[in-house]
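Some notes on the structure that comes next.
Numbering (the working numbering), first residue to last: 436 to 573.
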């Protein structure tokens with residue numbers, strides 16, 4: 436019962452973290468397109484609040500995932516591949532924090548087109564991770 440409860444919480448926090456990973460770069464797309472001060476300030480505030488909200492969700496998702504891995508002895512090559520992708524997502528998340536600060540300080544140098552491609556990265560990672568977890572191919 437403990438295993439299933441932790442697994443359920445892990446799924447809930449992963450889903451919530453991904454919602455932020457999907458939406459924050461979308462806000463960056465909009466932020467890179469506008470020029471009026473009021474909209475820029477509103478987007479910067481939204482980005483900041485979302486990042487502060489999604490960071491603890493990501494931390495809890497990772498902690499619970501590690502608990503499942505080490506506490507219940509999950510193993511296999513698929514898990515190592517998933518862990519590598521989660522590590523990449525953590526770096527992606529932290530890089531979003533850097534981009535957020537650049538926007539807040541008026542130092543963004545990237546176009547909205549670049550952010551549109553950047554926005555797709557977590558979607559692709561999620562697809563691969565779900566297939567790894569469900570199929571356990573190796």
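Here a beta-carbon is modelled for each residue, glycine too, at the ideal position from N, C-alpha and C.
From a predicted model like this one, the values you see are computed outputs, not experimental measurements.
Helix, strand or coil, according to DSSP, for residue i in the structure here?
| i | result |
| --- | --- |
| residue 460 | helix |
| residue 551 | helix |
| residue 532 | helix |
| residue 501 | helix |
| residue 436 | coil |
| residue 573 | coil |
| residue 509 | coil |
| residue 469 | coil |
| residue 455 | helix |
| residue 540 | coil |
| residue 545 | coil |
Excluding the five sequence neighbours on either side, which residues of its own chain have a C-beta within less than 7 Å of the C-beta of residue i, listed in chain order?
| i | result |
| --- | --- |
| residue 495 | 448 |
| residue 504 | 514 |
To the nearest angstrom, report how far apart residue i and residue j are at their CA atoms.
| i | j | result |
| --- | --- | --- |
| residue 497 | residue 527 | 14 Å |
| residue 569 | residue 491 | 26 Å |
| residue 475 | residue 549 | 18 Å |
| residue 564 | residue 554 | 17 Å |
| residue 517 | residue 545 | 30 Å |
Measure the beta-carbon distance from residue i to residue j and round it to whole angstroms, keeping in mind my assumption that it falls under 8 Å.
| i | j | result |
| --- | --- | --- |
| residue 538 | residue 488 | Between residue 488 and residue 538 the Cβ distance is about 17 Å, and since that is not below 8 Å, they are no contact. |
| residue 532 | residue 458 | Between residue 458 and residue 532 the Cβ distance is about 15 Å, and since that is not below 8 Å, they are no contact. |
| residue 499 | residue 445 | 4 Å |
Who are the Cβ neighbours of residue i in its own chain at under 8 Å, not counting the five residues just before and after it?
| i | result |
| --- | --- |
| residue 469 | 475, 478 |
Ordered along the chain, which non-local residues of its own chain (more than five positions away) have a Cβ less than 6 Å from that of residue i?
| i | result |
| --- | --- |
| residue 482 | 462, 535 |
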